[in-house]
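Working notes, structure below.
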Amino acid sequence: MKRNATLGADSVPTDNTQSRESAARHRWIALAVVTLAAFLDNLDANAVTVVLPDIQKDLGAAFGTAQWTLAGYTLAYALFLITGGRLGDIYGRKRLFLTGVAGFTAASVVCALATSGEMLVTGRFGQGFMAALMVPQAVSVIITMFKQSEWPSAFAVMGIALSVGSVGGPLLGGLLAEWDVAGLGWRALFWVNVPLGVAAIAIAARFMPETRSETPLRLDLLGVLLLTTASLGLMFPLVQGREQGWPAWMLLLVAFALVVLAVFVVQQRRRHAKDGAALVPPTLFKYRSATVGLPLTLLCYAGVASFFLVLTFHLQMGLGWPVLKTALVLAAWPVGIIATFQIAWRFSTGRGHDFVRGGALLLALGAGGVIWTVLAGGGDVNWVPLAASELVMGFGLGLTAPVLTAVVLGDVPPQDAGVGSGVLNAAIQFGSAAGVAGVGAVYFSQFTEATARADYAGKTASALAVNVGLFVLTAVLATFLKTATAAKPQETPAAADPAPAAAPDGPAPEAAQAGKPAAALTT
């Protein structure tokens, strides 16, 4: 398969001599600033969920708007993830990084100033789009500025930052809301991004060299447009259908979206045959591991993302817990991930599909424990078994995330690994958005303004049962992944995107830098 762009050997600085000297002097500073940007993205992703009930009450927003606050961000991120990486290859990674950080900061201001749910959702879509321009360039900095032997150390820096964002995001959101800093409440969460974003822009402008691919590249803008149309057409009815009474036009919208999705498949085949620049190369699906693994990824992350939406609303709206208490209990989840991540990373050789299956079953077991705790507690839940159940879920994702890429891409040859990794990371985001929309619709459809707190337990349990089903289905589907395809990930740190190591003897494909590390997705 033709490789349209690469990172590493064929990714040369605009001015070779000057940029190489600059990179040698300032590369760790550049790494720090792009890591800060990735940290901001991960921090927001993990913090917004815990303050979402406060946001809904303050803005008087409908449940559907609350869903869009989460789903809009992840959907925008997923839709432009691969394209964002490609734009950096074409127009310069420093330029795209600065554009992304500036846009992310501006979108954060929109969110902080939001006077309505619609304004907040607009800001969140903007954050997701700008993150898709910003985050891919962070990984490319490591690939282009550091020797391959230095990748583990560089990825370790980013891995630590992402882990801190995963654990600290809910806690920061809880603290800011609880302390009501400067009377801002939940808005402080978005204002925090402004000084950090400005600092990142100033430092990157000074220390980050410009790099781009020397290979002529093309964008599949039609593919992005078709996929965006199909995605919104399928998700809008899920989120808004109940509130609008499922009018006939909404059902027609679903049918239209399915037609557009079919057109997208045809267009991708033709674009790939023409110049190899398809957004989702059809050749990826000739590999059994990808054909099975991508649906598996969608299922798993649909369950993960929606689980915490439901649980957060139950704890705060159903039980009246303060935001900080909710955040402290939810912190058990990323702690569990960190505890088992290295175990999976070190011992998954030849057994990757077993780790995915076992991790999915632990996710189901932990979610079942949460259901039992919710039903047993009724109007008052004991935080100890609740936190313990979340810890088990964290163990599950910790066993799954670090080997998921290696398993899904197990049959994919090195020349296609970068593209496959980019698609996989996009699938994680699509799954998260679809889960929030779908499971959220099941959950919120049970409520009216007259719903009493005493009625929350049963309704929450019924929605969480959908999550258990998603995790069990993930475990069942994992059995179809061949043992032979389960390769151990490269020796890169836990939270680093394993994609760049897919071609250890040569430059990493461009799509390898097109995604957020899977393990960082703990919301």
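Start counting the sequence shown at 1; every next residue gets the next number (UniProt numbering). All C-beta atoms in this analysis are idealised placements derived from N, C-alpha and C, irrespective of residue type, glycine included.
For THR211, which of helix, strand or coil comes out of DSSP? Residue state, collapsed to three classes: strand.
Where does PHE207 land, buried or exposed, given buried means 16+ other C-beta within 10 angstroms? In this structure PHE207 is buried. Its beta-carbon is surrounded by 16 or more other beta-carbon atoms within 10 angstroms.
Taking Cβ to Cβ, would you say VAL110 is nearer than 9 angstroms to GLY128? Taking a C-beta distance under 9 angstroms as the contact criterion, VAL110 and GLY128 do not qualify as a contact pair.
Residue range of the unbroken alpha helix (DSSP H) whose run includes THR105: Residues 93-112.
Quick one: give me the first and last residue of the alpha helix (DSSP H) that THR229 is part of. Where THR229 is concerned, the enclosing alpha helix (DSSP H) stretches over 221-244.
Whole-Å CB distance - GLY336 paired with VAL392, under 8 angstroms assumed: Your pair GLY336 and VAL392 checks out as a contact, with CB atoms roughly 7 angstroms apart and the cut at 8 angstroms.
Taking only runs of the alpha helix (DSSP H) that begin and end inside the region 251-284, which ones reach a length of at least 4 residues, in chain order? Counting only runs of at least 4 residues, the region 251-284 fully encloses no alpha helix (DSSP H) element at all.
Is the Cβ-Cβ distance between GLY271 and ASP89 less than 9 angstroms? This sequence places Arg at residue 271; Gly is not what is there. Result no, Cβ atoms of ARG271 and ASP89 do not sit closer than 9 angstroms.
So, with DSSP's three-state summary, where would you put ASP180? ASP180 sits in coil when the DSSP states are folded into three classes, being neither helix nor strand.
Per DSSP, what kind of secondary structure is TYR287 in: helix, strand or coil? TYR287 falls in the coil class under three-state DSSP.
Under 9 angstroms, do THR326 and GLY174 count as touching if we go by C-beta distance? It is a contact, given that the beta carbons lie within the stated cut-off.
For the alpha helix (DSSP H) that contains GLN137, what are its first and last residues? First-last of the alpha helix (DSSP H) with GLN137: 117-145.
Would DSSP call PRO500 helix, strand or coil? Because the pLDDT at PRO500 is just 31, under 50, the model does not fix this residue reliably, and the value given afterwards should be weighed accordingly. In this structure, DSSP gives PRO500 a helical state, which the three-state scheme calls helix.
Would you mind working out which of GLY241, THR83, GLY377 and GLY303 sits nearest LYS224, comparing C-alpha positions? At residue 224 the sequence reads Val, which differs from the Lys that was named. Nearest of GLY241, THR83, GLY377 and GLY303 to VAL224, Cα basis: THR83.
Three-way DSSP call (helix, strand, coil) for SER163 in this model: Of the three classes helix, strand and coil, the one that applies to SER163 here is helix, per DSSP.
From LEU189, GLU243, ALA132 and PHE155, pick the residue whose C-alpha is nearest to that of ALA61; which is it? In terms of Cα proximity to ALA61, the closest of LEU189, GLU243, ALA132 and PHE155 is GLU243.
Give a yes or no on contact between the region 356-364 and the region 187-194, applying the rule of three or more CB pairs nearer than 8 angstroms. No, the region 356-364 is not in contact with the region 187-194.
DSSP three-state call for PHE190: helix, strand or coil? Three-state result, PHE190: helix.
Using the three-state DSSP reduction, which class does ASP380 fall into: helix, strand or coil? Residue state for ASP380 is assigned as coil, using DSSP reduced to three classes.
How big is the Cα-Cα spacing for ALA222 and PHE264? Reading off the sequence, residue 222 comes out as Leu, not Ala. So the alpha carbons of these two residues sit roughly 9 angstroms apart.
Best match in GLN429, LEU75, PRO136 and ALA66 for proximity to residue 532 [C-alpha to C-alpha]: Residue 532 lies beyond the stretch modelled for the chain, which goes from 1 to 523, so this question has no answer here.
In terms of alpha-carbon separation, which member of LEU404, ALA364, MET317 and PRO322 lies closest to TYR443? Looking at the Cα atoms, MET317 is the closest of the given residues.
Would a C-beta distance cut-off of 9 angstroms place ASP41 and GLY165 closer than the cut-off? ASP41 is a Cβ neighbour of GLY165, given a cutoff of 9 angstroms.
Using a Cβ-Cβ cut-off of 6 angstroms (strictly less than) and excluding sequence neighbours within five positions of ASN382, which residues of its own chain qualify? Apart from the 5 residues on each side of it in sequence, ASN382 has no Cβ closer than 6 angstroms to any other Cβ in its chain.
Are there three or more Cβ pairs, one per stretch, closer than 8 angstroms when the region 270-286 is compared with the region 460-475? They do not touch, by the three-pair rule.
Rounded straight-line distance, which links the Cα of ALA387 to that of VAL329: Each residue's alpha carbon lies about 6 angstroms from the other.
Considering THR474, what are the terminal residues of the alpha helix (DSSP H) in which it resides? Unbroken alpha helix (DSSP H) run through THR474: 456-478.
Tell me, please, whether the CB atom of THR215 is closer than 9 angstroms to any CB atom in chain B? Here chain B cannot be found, since the structure has a single protein chain.
For SER140, count the other beta carbons within 10 Å of its own beta carbon; 16 or more makes it buried, fewer makes it exposed. Which is it? Per the 10 Å Cβ criterion, buried.
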